[in-house]
Amino acid sequence: MARFDRYLISQLMVLFGFFSLVLVMVYWVNKAVGLFDQLIADGQSATVFLEFSALTLPRVVQIVLPISAFIATVYTINRLSRESELVVVQATGFSSFRLARPVLAFGLAVAIFLSLLSHILVPAAARQLAERESEIARNISARFFSDGSFLHPTEGLTLYIREIEPSGEMVDLFLSDQRNAARPTTYTARRALLLRSDEGPRLLMYDGMAQTLDRDANKLATTSFTDFTYDISALIGDFGNRKPAVGELTTGQLLRADPRLIAQTGSNPAQFKAAAHGRIAEPFLAMVTALVGFSCLLLGGFSRFGIWRQIVFAVVLLVVIKVLDNAVVDIARKDSSLVALMYLPVVVGLAVSAVILWISEHPALFRRRRQEAS
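Numbering (the working numbering), first residue to last: 2 to 375.
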């Protein structure tokens with residue numbers, strides 16, 4: 002690798018690291034504020050907050066790195082332009098495509114790091130975060146069942162348990178359901194258990210009685226039971242039967258599109274394939290952002306009066322590429338046969354960069370055409 006290539010890559014890497022750190026901190030702090038309020042309101046400790054914050058960090062880094070690559074490229078090339086370093090290098094015979102080689106290497110390095118995040122760290126962190134959320138939710142739901150005090154899980158519902166044994170069995174349970182004001186029901190049971198089933202959590206009561214008061218008829222109906230199941234999933238949620246999300250699955254699982262996993266996630270094979278190929282294609286958009294930013298800055302010469310027009314042009318191009326990316330993702334999620342379109346934004350971005358680099362090498366050609374037209 003030429004000395005200039007090493008020099009430019011080192012400059013890009015330093016600024017890339019700086020801007021990545023700044024943007025990650027800004028984005029992470031914004032996310033952490035809402036997370037802090039939520040966890041502290043649920044009575045969680047600072048350790049849990051730090052754990053959750055760390056698990057959200059890979060996704061934050063994944064979002065920020067393409068932006069950092071673009072900013073680092075624009076800032077570095079602008080500085081080299083203002084200090085006439087690029088002019089000197091071009092005077093030695095470096096073409097625009099030759100100058101783009103270290104930028105391409107830098108973009109590939111960022112894309113490789115993003116691939117590690119997309120395929121390994123982000124799914125693993127999402128999976129661990131979902132499991133910890135489910136575990137904490139189960140602990141919160143367990144607080145609805147404490148002995149020796151009247152509890153009100155929701156409006157119109159009163160629960161009292163005299164004692165909860167170490168095995169989890171409840172002794173002498175009282176449950177008053179006043180949510181239907183016309184027909185309130187009171188349940189009493191000698192023993193009860195909290196069960197988790199495929200349909201959600203259930204309260205299984207033994208040796209008890211159900212008393213329903215019909216206020217319109219002014220009658221009390223009493224029913225004794227040996228065992229009775231009461232659905233409480235609407236009260237405390239179904240935290241024991243968590244279904245995996247598509248973002249938690251590995252890339253291999255997404256590519257195989259196991260029907261069992263598809264049924265568990267409530268998705269379809271097209272969504273699985275789109276997610277898998279999205280993880281492959283998306284990191285290379287960081288390389289595209291760097292090349293688009295570099296190529297646009299070579300347009301119009303190297304002026305000391307600023308390059309805002311080139312920067313705005315680069316941003317507009319990236320917005321168009323991102324809109325195209327969103328469009329092809331929506332198409333691929335509906336039809337698995339069109340999953341190859343996921344790579345179209347990368348191809349378009351590379352083609353646009355190549356065209357702009359070629360134009361920057363032939364400015365006289367377009368200047369001559371404008372003069373002939375006038």
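All C-beta atoms in this analysis are idealised placements derived from N, C-alpha and C, irrespective of residue type, glycine included.
What you are looking at is a predicted structure, and each value in this text was computed from that prediction instead of being measured.
Taking a C-beta distance under 7 Å as the contact criterion, A211 and Y188 qualify as a contact pair. Around the beta-carbon of T77, 16 or more other beta-carbon atoms lie within 10 Å, marking it buried. For a cut-off of 8 Å, the C-beta gap from P154 to T251 is around 38 Å, too long to register as a contact.
In this structure, L160 keeps its C-beta atom at 7 Å or more from the C-beta atom of P185. Of the other Cβ atoms in all chains shown, fewer than 16 fall within 10 Å of the Cβ of A341; this residue is therefore exposed. Going by DSSP, F175 is part of the beta strand (DSSP E) stretching over 171–178. Of the candidates L300, D326, L325, the residue whose Cα lies closest to the Cα of F314 is L300. Judged by beta-carbon spacing, S354 lies within the 7 Å limit of V293, meaning their Cβ atoms are closer than that value. Under the 8 Å Cβ criterion, the stretch 272–286 counts as touching the stretch 109–120, having at least three qualifying pairs.
Contact between I10 and P103 holds: CB atoms are separated by about 5 Å, below the 8 Å threshold.
In chain order, R243, P245, A246, E249 place their CB closer than 8 Å to the CB of A131, counting only its own chain and leaving out the 5 sequence neighbours on each side. Contact between the stretch 273–280 and the stretch 255–263 is present: three or more C-beta pairs spanning the two stretches fall below 8 Å. Taking the C-beta atoms as reference points, T227 is found no nearer than 7 Å to L205.
Fewer than three beta-carbon pairs drawn from the stretch 357–364 and the stretch 328–336 are found closer than 8 Å, and the two stretches are therefore not classed as touching. The closest CA to that of F5, considering only V89, A190, R203, F151, is found on V89.
Rounded to whole angstroms, the separation of the alpha carbons of V329 and T57 is 27 Å. By the Cβ neighbour-count rule, L255 is buried, with 16 or more other Cβ atoms within 10 Å of its own. In the three-state reduction of the DSSP assignment, K220 falls in the strand class, which pools E and B. In this structure, M26 is the residue among M26, P167, C297, M343 with its C-alpha nearest to the C-alpha of V61.
For F95, the three-state secondary structure derived from DSSP is coil. DSSP, reduced to helix, strand and coil, places E84 outside both helices and strands of the structure shown, so it counts as coil. L81 and V321 have their C-alpha atoms spaced approximately 27 Å apart. DSSP links E164 through a beta bridge to V172.
Going by DSSP, H278 is part of the alpha helix (DSSP H) stretching over 270–282.
Residues T290, G294 of the same chain have their beta carbon placed closer than 6 Å to that of F71, with the five preceding and five following residues left out of the count. D178 and L24 have their C-alpha atoms roughly 51 Å apart. Of the residues assessed, A352 falls on the exposed side of the cut-off, its CB having fewer than 16 other CB atoms within 10 angstroms. Boundaries of the alpha helix (DSSP H) harbouring N327: 309–335, taken from the DSSP string. In this structure, the CA atom of G169 is about 38 Å from the CA atom of P59. Restricting attention to L196, R83, F107, the CA atom closest to the CA of Q12 is found in F107.
An exposed status is given to A183, since fewer than 16 other beta-carbon atoms sit within 10 Å of its beta-carbon. Pairing D208 with R197 gives a Cβ-Cβ distance that is not under 7 Å.
Here the alpha carbons of L100 and A3 stand approximately 11 Å from one another.
Scanning its chain for C-beta atoms nearer than 8 Å, with the 5 sequence neighbours on each side dropped, one finds around L158 the residues L176, S177, D178, Q179, R180, L236, in chain order.
CA-CA distance, F151 to L195, rounds to 17 Å.
Straight-line measurement puts the Cα of G253 at about 9 Å from the Cα of H120.
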